[in-house]
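Protein sequences, first through last, are from chains F and A. Residues 49 to 173 in the numbering used here are what the first sequence spells out, letter by letter. Residues 613 to 815 in the numbering used here are what the second sequence spells out, letter by letter. Taking it in order: structure first as structure tokens, then the write-up.
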Amino acid sequence: MTRRIIIIAIAAILAVAFLLTYMFFDPSAYDIFPKCQFLMFTGWKCPGCGSQRAIHALLNGQVWEAVKFNAIFVLSLAIVAVYVYGEVTKCKHPAFYRLINSRTVIYSLLAMYIAWWILRNVFNW
Amino acid sequence: MKFWIRINGLQEGPMDKEQLKAQNITPTTYVWCAGMKDWAYARDVADLQDIISANGENDVQESLATETAVTSETDADTSAEQPCENAAAYEPVAESPVPQEEQAQNEPYIALETPVAEAKPVEERPCPPNNLIWAILITILCCQPLGILAIVFSAQVNSKYYESGYDAAKKYSDWSAILCIASVVLVILSVSLFPALIFLASL
Numbered sequence: 049m050t051r052r053i054i055i056i057a058i059a060a061i062l063a064v065a066f067l068l069t070y071m072f073f074d075p076s077a078y079d080i081f082p083k084c085q086f087l088m089f090t091g092w093k094c095p096g097c098g099s100q101r102a103i104h105a106l107l108n109g110q111v112w113e114a115v116k117f118n119a120i121f122v123l124s125l126a127i128v129a130v131y132v133y134g135e136v137t138k139c140k141h142p143a144f145y146r147l148i149n150s151r152t153v154i155y156s157l158l159a160m161y162i163a164w165w166i167l168r169n170v171f172n173w
Numbered sequence: 613m614k615f616w617i618r619i620n621g622l623q624e625g626p627m628d629k630e631q632l633k634a635q636n637i638t639p640t641t642y643v644w645c646a647g648m649k650d651w652a653y654a655r656d657v658a659d660l661q662d663i664i665s666a667n668g669e670n671d672v673q674e675s676l677a678t679e680t681a682v683t684s685e686t687d688a689d690t691s692a693e694q695p696c697e698n699a700a701a702y703e704p705v706a707e708s709p710v711p712q713e714e715q716a717q718n719e720p721y722i723a724l725e726t727p728v729a730e731a732k733p734v735e736e737r738p739c740p741p742n743n744l745i746w747a748i749l750i751t752i753l754c755c756q757p758l759g760i761l762a763i764v765f766s767a768q769v770n771s772k773y774y775e776s777g778y779d780a781a782k783k784y785s786d787w788s789a790i791l792c793i794a795s796v797v798l799v800i801l802s803v804s805l806f807p808a809l810i811f812l813a814s815l
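See the structure below:
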């Protein structure tokens, strides 16, 4: 039990430190932030490129800036919120839980990510 | 013990008795649990009497009145009080025979004589986690194509669970977890080792 509390405390401290770092430091202005390895080796953007700048923008209240850096990142936050909601209300709304976890819905998400991956390299989004 | 119910033609379950309390069970809600030959009205299931009376006492009076008026065939009545305890491993499948509404109102017990639908063993173990949330976060935060692969495996977990049971689903669940962990490790290694290598090379 105490071990569990320690783990949760460490996770919470890390999360707060992470958020504060990304709130006060612009990832595009400092070299200490990790660079995308996929972009470095292939020259192509990955689905997550721009997420760090998007986090910085979101934490400073600039939603539209965040969307311009990486639109799918902002959308993914909403998707994750829906899935967390589905998990929490699993017993109350079993049909909804089954729907969002069905193969069809998840494959649609997958298709969306792959399409985004291709399109952003084609149109340089 | 788990119950299934039909509300407005939709089958829901499995649910505990506690969860059933939140579902507004009326005396004429169809209920099924392992061990029962067929769906039955909630008022005929001994285990659920307290839940029904909590929800609508007037309905009980009313439907009991119509029942005595319409039927006196006591044959069916004996099988009506279904003990749920002797749980043989059955699960209601979607196409299990449910009497049509109109028929049910005239002859409430005719459904009990219809043959039992194709039985399927109950899966007692809960569905393994599909790790989808982690896979999505890794895809958009870690720049790893492995995250996409993890989503592919996550997609299979719940569907496999309902189709072929726990063991099949567990395989996919494990693979999505392994891919998630692998991509996190890979990202930490590459982010920390790559600058270190460049630094060493410059010495």
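Backbone N, C-alpha and C fix where the C-beta goes; we use that ideal spot for every residue, glycine too.
Residue i burial status per 10 Å Cβ neighbour count (16 or more: buried)
i                      : result
residue 767 of chain A : buried
residue 89 of chain F  : exposed
residue 746 of chain A : buried
residue 156 of chain F : exposed
residue 795 of chain A : buried
residue 91 of chain F  : exposed
residue 109 of chain F : exposed
residue 118 of chain F : buried
residue 788 of chain A : buried
residue 642 of chain A : buried
residue 797 of chain A : exposed
residue 815 of chain A : exposed
residue 650 of chain A : buried
residue 154 of chain F : buried
residue 51 of chain F  : exposed
residue 627 of chain A : buried
residue 652 of chain A : buried
residue 161 of chain F : buried
residue 657 of chain A : buried
residue 167 of chain F : exposed
residue 648 of chain A : buried
residue 744 of chain A : buried
Test item: CB-CB of residue i and residue j under 8 Å
i                      : j                      : result
residue 749 of chain A : residue 64 of chain F  : no
residue 785 of chain A : residue 742 of chain A : yes
residue 760 of chain A : residue 124 of chain F : no
residue 36 of chain F  : residue 95 of chain F  : Any property of residue 36 of chain F remains undetermined from this structure, which presents chain F solely from 49 to 173.
residue 799 of chain A : residue 158 of chain F : no
residue 81 of chain F  : residue 75 of chain F  : yes
residue 762 of chain A : residue 792 of chain A : yes
Same chain, Cβ closer than 8 Å to residue i, neighbours up to 5 away in sequence not counted
i                      : result
residue 141 of chain F : 134
residue 145 of chain F : 134, 135, 137, 138
residue 773 of chain A : 735, 739, 740, 780, 781
residue 70 of chain F  : 100, 103, 104, 107
residue 87 of chain F  : 93, 94, 97
residue 770 of chain A : 739, 742, 781
residue 230 of chain F : The first residue shown for chain F is 49 and the last is 173, placing residue 230 of chain F beyond what the model contains.
Bridge partner(s) assigned by DSSP for residue i
i                      : result
residue 622 of chain A : A:619
residue 643 of chain A : A:617, A:652
residue 627 of chain A : A:615
Contacting residues, own chain, Cβ-Cβ under 7 Å from residue i (five flanking each side not counted)
i                      : result
residue 148 of chain F : 130, 131, 134
residue 60 of chain F  : none
residue 164 of chain F : 95, 120
Cβ-based neighbour list, residue i, same chain, cut-off 6 Å, excluding 5 preceding and 5 following
i                      : result
residue 624 of chain A : 617
residue 78 of chain F  : none
residue 754 of chain A : 795, 799
Name the residues in the segment 785 to 808 of chain A whose C-beta lies less than 8 Å from a C-beta of chain F; which are they? Residues passing the 8 Å Cβ filter: 799, 802, 803, 806.
Of all the residues that make up the segment 762 to 775 of chain A, which are near chain F by a beta-carbon distance shorter than 7 Å? The residues in question are 763, 764, 766, 767, 768, 770, 771.
Contact set between the segment 65 to 83 of chain F and chain A, restricted to residues whose Cβ is under 7 Å from the partner: For the segment 65 to 83 of chain F, the set of residues with a beta-carbon nearer than 7 Å to any beta-carbon of chain A comprises 82, in chain order.
Residues of the segment 141 to 152 of chain F with a CB closer than 8 Å to any CB of chain A: list them in chain order, please. The residues in question are 142, 143, 146, 149, 150, 151.
Of all the residues that make up the segment 106 to 133 of chain F, which are near chain A by a beta-carbon distance shorter than 8 Å? Residues 118, 120, 121, 124, 127, 128, 131, 132.
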